[in-house]
Each structure stands twice: as structure tokens, then as C-alpha cells.
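Trainee: Next up is a structure, given as C-alpha cells.
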Amino acid sequence: MKVCFFAHYSITNSDGATLSMYNIIDEMLRRGIEVVVVLANTRSLEGRIAEGKIKFIVAPLYGMRMDLNKKTPMTQVKFFVKSICNSIQKRKIEKVLKSENIDIIHINGLDSSIGAEIAQKLKIPYVWHIRQFMEADLGKKLFREKYVYRLVARASSVIAISKDVQAKFEPLLGRKVDLVYNGVPVEKYKLEDVIRFESQATRMLLAGRISVQKGQMDAIKAVELLMRRGIGNVSLTLVGQGESKEYLEYVKSYVKEHKLEQKICILEHHDDLRELRRQCDIGLTCSKKEAFGRVTVENMLAKMLVIGANTGGTLEIVEDGYNGLLYEEGNPESLVNQIEYTMSHRDKAQQMIEQGFIQVIEDFSIKRVVDQVLNLYKLIDSRITI
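Using UniProt numbering, read the sequence shown as starting at 1 and increasing by one per residue.
Following this line, the structure appears as C-alpha cells:
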């Protein structure tokens, strides 16, 4: 069997949606499935290319997601030009794929229409894997959205990574959307030899791109409130690239102006997030609305106590008081209350950590994800054998 994945446009190839795609690919390769990947650039993929296990088709495709706050006539013109450039690349990709004998085209995320158009032209069934809300989590909208959604609706299977994403797109597309929760390679993120809340100082980590949607300001203001309450034995590390220079500067300026530099560290890049997790007690998810919450699952596997905003996919992972804690999104004081609770109920925190660890291994392994995806492939084409 041979599957062609169309990656959504990514500058770094290290965002959650792209990592999740490669986790699926790695598990498929282990099962003897051939994989081809179409993508815009090979940044951060040198190791994979050297391995030679995946055939990469690199085409300089443009991403077709528009910022909600930049919907101007000039923006429309720019994206129209981008779509023409993508059409030129589409013909080149078609030519290569014609000789590859592809069984399934798997489109990773909402972006351009290229993968579906090629699938229809070559008469190959396609699966569309929706990994985002778009407006709520990314602050973006698709160029020619109605046209793209018509193509999504015609897919042989549409996959959502959470019930919340499923609930948005089923009525929008007017069709069934299959639920396959995200998963991660357990062994890669699992930390068992750690003891949390061992010292009096509580260390918190918030990993993910630095943007309005990821809610870093909730965490920063929570630290500020803790300081005002006389609770100084706490620190916060933010790890992630700034979505824009302006917003990153705003965050840095806020930390400096409010004299929080001794308590808050901002790292735009870190080579070893696993080691950073080893050093921290609490993993925060402060997003306005996560489509799933991959980082939340990674934190649970690292045996950190997770505290998440009570929205989106986070609600489908975290059960308040059982395997983690929830706070009211956008309300730093609510977050402070949960942090304080954790600091004064350390035995309970350890219990929640253990429950979260067990749940992730049972419910969110990449093996389970691939089992479900392959079952969908079989429903599409009974001739497919795994």
C-alpha cells in the first residue's frame, strides 16, 4: 500500500499538526506502508531525508490561510497571485504522482485545495484530516473558503481530531466527520523517573507558538498576581517562536515593564523540550481554544500536572480534579487559584499526575491513531490490504 500525504504549509515543519502527521507516517512505515510526502520546504527535515524511508516531493507551494485582521483588497490580490503560483506547482506534482501508483491521498490540515484537486484529477480517493478550527485557534480564514470546503465535503473520509472540531465541521460540510483523537509516540515523551513538587519552588512550563491564541498573557498575569499575593516561590518558562515580531515584543515588554524578569523566562527555541519538562512541575495550556491539545498530552506523559483553559479540545483531555485542573480561559485569577491549590495540595497533585499518565497511555497512543486511520482506509477501498 502507498499513501501520499499533503502537508499543510509550515515555515518550521515543527508545529503540532506537522509533528502529528509525521508521527502517523513513522508508525505506518513500521507497518510496511510506503509513504510519499508533498510539502513546501524541507526545513528541519534533513534527518528524515537522509534516512531515505520517505519519498519527498518538494514544491514551493504557498500557504492559503489569511489573517482575519488583514482582509483588505490588497490581501485578496496577493492570495490570488499565490493561487496562480500554486496551480503551476500543481501540474508538476501531478506529473510525479502519476507514476507513483498512490492508493490514498491524505491531506493534513486545512490550507490549500491542491491535494484534493490532484486527487480528483488522478482519480485517487482522498482523506482530509482537519486539525484546526481556523478562526478560533489560529485567527485565520481560508482563501476561497467555500470552494475549499466543497472539496473537503467530497472527500472519501473527513477526520476531526476532537469532538469539538467534529461538532463545528459536520454541519458546515453537511456530512459525517469521523473522530480520531490525536496521538503521540508514547516512548518519545514518557518520563517515569521524575518526582514533582519536590522543592518549595513551583516551576511552570507553557510550550507552543507565542501568539494571542495561545494565551501566554494568562500565564504571565497569573505570575504577576501570585507575586502581589506574596507567593514568590514560583517561576514560568515560555517556549515557542513568536507568531509575529510585534506580539513577541509586546510579551517581552510586558514582562520587563512589570518587573517579572526574575520569574519569567522566554525561550524562542529549545533543543530539548523533554529535558525542560523534566525540570518543571506544572504544564500549562492557556489557549483560547485548542483543536485538540497535543502539548497537554505530552505534558501528561512527562508526569507534569496539567492546568488547562476550559475550552475546546482541552475539555476532552482534562477532567478537572481527576487527571489535571481547569481554569476559566482569559481569567488569570482563576488560573492563580488553581496554581495555589496545587501548591497547597501536593499529594492530590501527585494523584492527578498519575491518573493523567495512565490515561494518555491508554487513550492517546499513536498506534491507536494509526489503527483507526487504516480502518477508515479499508472502508474507502476494500482492495487495500495492510
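Just so it is clear, CB atoms sit at the ideal spot from N, CA and C, and this is done for glycine as well.
Just so we're clear, the structure is a prediction, and the values are computed from it rather than from any experiment.
1. For Cys265, count neighbouring C-beta atoms within 10 Å of its own C-beta (all shown protein chains included) and say buried if the count is 16 or more, exposed if not.
2. Can you give the Cα-Cα distance for Leu305 and Asp347, rounded to whole angstroms?
3. Is the region 327-342 in contact with the region 138-151, if contact means three or more CB pairs nearer than 8 Å?
4. On the DSSP letters alone, give me the boundaries of the alpha helix (DSSP H) that Lys263 sits inside.
5. Cα separation between Arg229 and Thr314?
6. Is there a C-beta anywhere in chain B that falls below 7 Å from the one on Val360?
7. Enumerated in chain order, which unbroken segments of the beta strand (DSSP E) with a length of 3 residues or greater are wholly contained in the region 182-238?
8. Considering only C-alpha positions, which residue in the set His8, Ile54, Ala17 is nearest to Arg30?
9. Let's test the definition: count the other Cβ atoms within 10 Å of the Cβ of Thr237 and tell me whether it reaches 16, buried, or not, exposed.
10. Tell me Val58's beta-bridge partners as DSSP assigns them.
11. Does Arg277 come out as helix, strand or coil in the three-state DSSP assignment?
12. Tell me which same chain residues have a C-beta within less than 6 Å of the C-beta of Gly139, skipping the five on either side of it?
13. How is the beta strand (DSSP E) around Phe6 delimited, first residue to last?
14. Since Asn323 sits in a beta bridge, which residues does DSSP pair it with?
15. What did DSSP end up calling Leu248 once you bin it into helix, strand or coil?
16. Throw me the rounded Cβ distance for the Ala119 and Gln89 pair, which I believe falls under 8 Å.
17. Are there 16 or more other CB atoms within 10 angstroms of the CB of Val81, so buried, or fewer, so exposed?
18. Since I believe Asp218 is in contact with Leu325 (beta carbons under 8 Å), could you give me their beta-carbon distance rounded to a whole number of angstroms?
19. Report yes if the CB atom of Asn310 is closer than 7 Å to the CB atom of Gln355, and no otherwise.
20. As a quick exercise: from Val127, Asn299, Leu260, Tyr250, pick the residue whose alpha carbon is nearest that of Leu225.
21. Measure the Cβ-Cβ separation of Pro185 and Asn23 and say whether it is below 7 Å.
22. Identify the continuous beta strand (DSSP E) that holds Arg65 and give its terminal residues.
23. Cα separation between Ile366 and Thr202?
24. Are the region 122-140 and the region 154-164 touching, with three or more C-beta to C-beta distances below 8 Å?
25. Hey, out of Asn375, Gln262, Lys288, whose CA is closest to Glu135's CA?
26. Could you check where the alpha helix (DSSP H) with Ser83 kicks off and where it finishes?
27. Compute the beta-carbon to beta-carbon distance between Leu179 and Lys163, rounded to the nearest angstrom, for a pair I have assumed lies under 8 Å.
28. Could you compute how far the alpha carbon of Ala349 sits from the alpha carbon of Pro332?
29. Can you tell which of Glu27, Tyr189, Thr72, Lys188 has the C-alpha that lies nearest to the C-alpha of Lys141?
30. Any idea if Cys85 is buried or exposed, counting beta-carbon neighbours within 10 angstroms, 16 or more meaning buried?
31. Does Ile11 pass the burial test, meaning 16 or more other C-beta atoms within 10 Å, or should it be called exposed?
32. Quick check on the DSSP output: the alpha helix (DSSP H) that includes Val158 runs from which residue to which?
33. Just verifying my parser: in three-state terms, what is the DSSP assignment at Ala302?
34. Look up Ala17 in the DSSP assignment and say whether it is helix, strand or coil.
35. Let me check understanding here. Comparing Cα to Cα, which of Ile161, Val370, Ile380 lies closest to Gly32?
36. Considering only the alpha carbon of each residue, which of Lys98, Phe133, Ile107 lies closest to Lys123?
Mentor: Reading it off the structure:
1. exposed
2. 12 Å
3. no
4. Neither: Lys263 is in no alpha helix (DSSP H) and is coded neither H nor E.
5. 28 Å
6. Absent here is chain B; the protein component of the structure consists of one chain.
7. 202-207
8. Ile54
9. buried
10. Leu39
11. helix
12. Leu68, Gln213
13. 2-7
14. None, per the DSSP bridge assignment.
15. helix
16. Ala119 to Gln89, Cβ: 15 Å. No contact.
17. exposed
18. Rounded, the Cβ-Cβ distance is 14 Å, inconsistent with contact.
19. no
20. Leu260
21. yes
22. 65-67
23. 31 Å
24. yes
25. Lys288
26. 73-98
27. 6 Å
28. 20 Å
29. Thr72
30. exposed
31. exposed
32. Note, Val158: premise wrong, no alpha helix (DSSP H); beta strand (DSSP E) at 157-160.
33. coil
34. helix
35. Val370
36. Lys98
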